[in-house]
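With the working numbering applied, the sequence shown has no gaps in its numbers, which climb one by one up to 475 at the end.
Notes to accompany the following structure.
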Amino acid sequence: MKYPNITIVAYDHTWPEFYIKESQQLKKALGDSIATTHHIGSTAIINMPAKPVIDIIVELADLRDFENLSQPLSDLGYSVTPNIIPHFSRFARREAGEIAYHLHIFAQGDPQVRRHVNFRDYMNAHPANAKDYAELKQQLAQKYFDDREAYTMAKNKFVQETDHKAKQWPERRNNFLLPNLDIPASEWSQNEIVHSMNANLSVHMTHFSQYLQGAILVRKPAYTLVDSGLTDDTFNYILRANFADDSAVESIVEINNYFSQQQRDYSWWVGPGDKPDNLMKLLTGEGYINSENNTAMYFDLDQWAGDVVIPPELNIIKAEDKKSLRDFALVLANDEKSFEQYFSMIADVYTDDDPIEYYVGYVNDKPVVRGLICYFANVAGLHWLSTAIDERHQGYGKAMQQYRLKRAKDRGYHIAVLQASDEGYPLYKKLGYQECGVYQEFKLLAEY
Numbered sequence: 028m029k030y031p032n033i034t035i036v037a038y039d040h041t042w043p044e045f046y047i048k049e050s051q052q053l054k055k056a057l058g059d060s061i062a063t064t065h066h067i068g069s070t071a072i073i074n075m076p077a078k079p080v081i082d083i084i085v086e087l088a089d090l091r092d093f094e095n096l097s098q099p100l101s102d103l104g105y106s107v108t109p110n111i112i113p114h115f116s117r118f119a120r121r122e123a124g125e126i127a128y129h130l131h132i133f134a135q136g137d138p139q140v141r142r143h144v145n146f147r148d149y150m151n152a153h154p155a156n157a158k159d160y161a162e163l164k165q166q167l168a169q170k171y172f173d174d175r176e177a178y179t180m181a182k183n184k185f186v187q188e189t190d191h192k193a194k195q196w197p198e199r200r201n202n203f204l205l206p207n208l209d210i211p212a213s214e215w216s217q218n219e220i221v222h223s224m225n226a227n228l229s230v231h232m233t234h235f236s237q238y239l240q241g242a243i244l245v246r247k248p249a250y251t252l253v254d255s256g257l258t259d260d261t262f263n264y265i266l267r268a269n270f271a272d273d274s275a276v277e278s279i280v281e282i283n284n285y286f287s288q289q290q291r292d293y294s295w296w297v298g299p300g301d302k303p304d305n306l307m308k309l310l311t312g313e314g315y316i317n318s319e320n321n322t323a324m325y326f327d328l329d330q331w332a333g334d335v336v337i338p339p340e341l342n343i344i345k346a347e348d349k350k351s352l353r354d355f356a357l358v359l360a361n362d363e364k365s366f367e368q369y370f371s372m373i374a375d376v377y378t379d380d381d382p383i384e385y386y387v388g389y390v391n392d393k394p395v396v397r398g399l400i401c402y403f404a405n406v407a408g409l410h411w412l413s414t415a416i417d418e419r420h421q422g423y424g425k426a427m428q429q430y431r432l433k434r435a436k437d438r439g440y441h442i443a444v445l446q447a448s449d450e451g452y453p454l455y456k457k458l459g460y461q462e463c464g465v466y467q468e469f470k471l472l473a474e475y
């Protein structure tokens, strides 16, 4: 039987059995490549009406196993495509009569696994929320029965609000697999490093937007959009463009129209691998200016002795609460109000299982330097290194950089990556970083 695009059916108590059988078949076909599987989505929520689709997360034990998926999955009847969550992930689908199977394939320890499983568990533990979700799904299925993308987008607000609750739920699950960090730096090609850097930067720029009240995160095959709801373009941006040649200009106009309607400035980040190849020329033709260029760089932690020199007056702490995250924000801020608001929102959802750590350094109780680490794709992304303007040339930036490198090395990471500004580039070269590309920021200076 062929279902139309959106068909919601009553809950079927055999859906978990379909998951178990398919999971066993996948483990047999993929062998040791699979670390574990999870049943997610609406068919994993008790009494939830749903599309007859068994959604399965597959966690792969090794990042490199992504390259070896297509044939064994094809043998099972699956078609494999890139995922709209453009980290190290794939999406696969097969139909089996009245049931379809969707595989969401991630590397072991991906934070998306935690998000999906927490959503499922929260719904199963809160039937009133599940009832509201069921009613919403049925209403939207009638309204958007022939438009799957519109149906999914219309659910986003409810899903994001539930993700927000589930993330802070005291009974949320904590025993997830950790990333597999067994690949030494010597085994990485530069292309693999750049791929991981892109994925790491994407997590850094989108992770909290999934949970922040009032923020909008749009993931499409063609791009990722983040709208924080704030006025500062530091927190509103486009990344991971993947446009077809014949629709690129149309997509650029669509994005600009969105932000114009919101009356918000934004940045467009163009990185290695963005498409089409002439994207920068197309942006310039649509009135964008190239406002900043950052050099992509990486550091071999295996070859580093781990020596850290911190000035005796500098005290570096992990920022985890409203006060310390506010201090992190205000070390250097284009718009103090927006920076303070944004990191206040971060403090509301921040938990110890997030893949991002914030650090702030104090001298005489004054915040003078900051930096964060994003752990993803088997690399440690070092972002947001800033020193207060009146505290520069004291060695605080170098100390913060070494402190974070040591933290990443102690956690088992072999490679650190960053995007260097013109000001930071000399420091990173002196520390031994290698270049591997360029990230460019474009802005459209519009009047509202």
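Heads up, the beta-carbon is just placed ideally off N, CA and C, and yes, glycines get one too.
Under the three-state reduction of DSSP, residue 347 is assigned to coil, being neither helix nor strand.
In the three-state reduction of the DSSP assignment, residue 335 falls in the coil class.
In this structure, residue 37 keeps its C-beta atom at 8 Å or more from the C-beta atom of residue 62. Collapsing the DSSP output to three states places residue 167 in a helix.
Remark: C-beta atoms of residue 133 and residue 317 do not approach each other more closely than 8 Å.
Each of 445, 415 and 349 was checked against the Cα of residue 459, and the nearest Cα belongs to 445. Per the coordinates, the alpha-carbon of residue 262 lies some 8 Å from the alpha-carbon of residue 369.
The C-alpha of residue 129 lies about 43 Å from the C-alpha of residue 344. Looking at the backbone, the Cα of residue 299 and that of residue 153 are separated by about 43 Å. Scanning the segment 274 to 335 for uninterrupted beta strand (DSSP E) segments of 3 residues or longer gives 294 to 297 and 316 to 327, listed from N- to C-terminal end. Per DSSP, the continuous beta strand (DSSP E) segment holding residue 407 begins and ends at 406 to 414. Scanning its chain for C-beta atoms nearer than 6 Å, with the 5 sequence neighbours on each side dropped, one finds around residue 286 the residues 293, in chain order. Spatial neighbours of residue 73 in its own chain (CB-CB distance under 7 Å, excluding positions within 5 residues in sequence) are listed in chain order as 151. When DSSP states are grouped into helix, strand and coil, residue 47 belongs to the helix group. Here the segment 432 to 443 makes no contact with the segment 157 to 166; the two share fewer than three CB pairs at distances below 8 Å. Note that the segment 447 to 455 does not touch the segment 236 to 251; fewer than 3 beta-carbon pairs, one per stretch, sit closer than 8 Å. The C-beta separation of residue 443 from residue 326 comes to about 4 Å, placing the pair in contact by the 8 Å criterion.
Residue 467 carries a strand assignment under DSSP once its states are collapsed to helix, strand and coil. With 16 or more other CB atoms across the displayed protein chains lying within 10 angstroms of its CB, residue 322 is buried. Residue 261: not part of any beta strand (DSSP E); DSSP gives it neither H nor E. Looking at the backbone, the Cα of residue 308 and that of residue 270 are separated by about 14 Å. Nearest C-alpha to residue 46 among 69, 39 and 81: 81. Its Cα nearest to that of residue 196, the residue 377 stands out among 391, 377 and 212. The Cβ atoms of residue 275 and residue 303 lie closer than 8 Å to each other. If you draw a straight line from the Cα of residue 97 to the Cα of residue 56, it is about 11 Å long. Between residue 382 and residue 355, the CB-CB gap reaches or exceeds 8 Å. For residue 35, same chain residues with a beta-carbon under 8 Å away, outside a window of 5 residues either side, are 76, 77, 78, 164, 165 and 168 in chain order. A distance below 8 Å separates the beta carbons of residue 213 and residue 329. The three-state reading of DSSP puts residue 132 in strand, counting E and B together.
The Cβ-Cβ distance between residue 135 and residue 94 does not fall below 8 Å. Here residue 127 carries a strand assignment [DSSP, helix/strand/coil]. DSSP, reduced to helix, strand and coil, places residue 424 within a helical segment of the structure shown.
The alpha-carbon separation between residue 186 and residue 52 amounts to approximately 30 Å.
With fewer than 16 other beta carbons inside 10 angstroms of its own, residue 363 counts as exposed. Of the other Cβ atoms in all chains shown, fewer than 16 fall within 10 Å of the Cβ of residue 59; this residue is therefore exposed.
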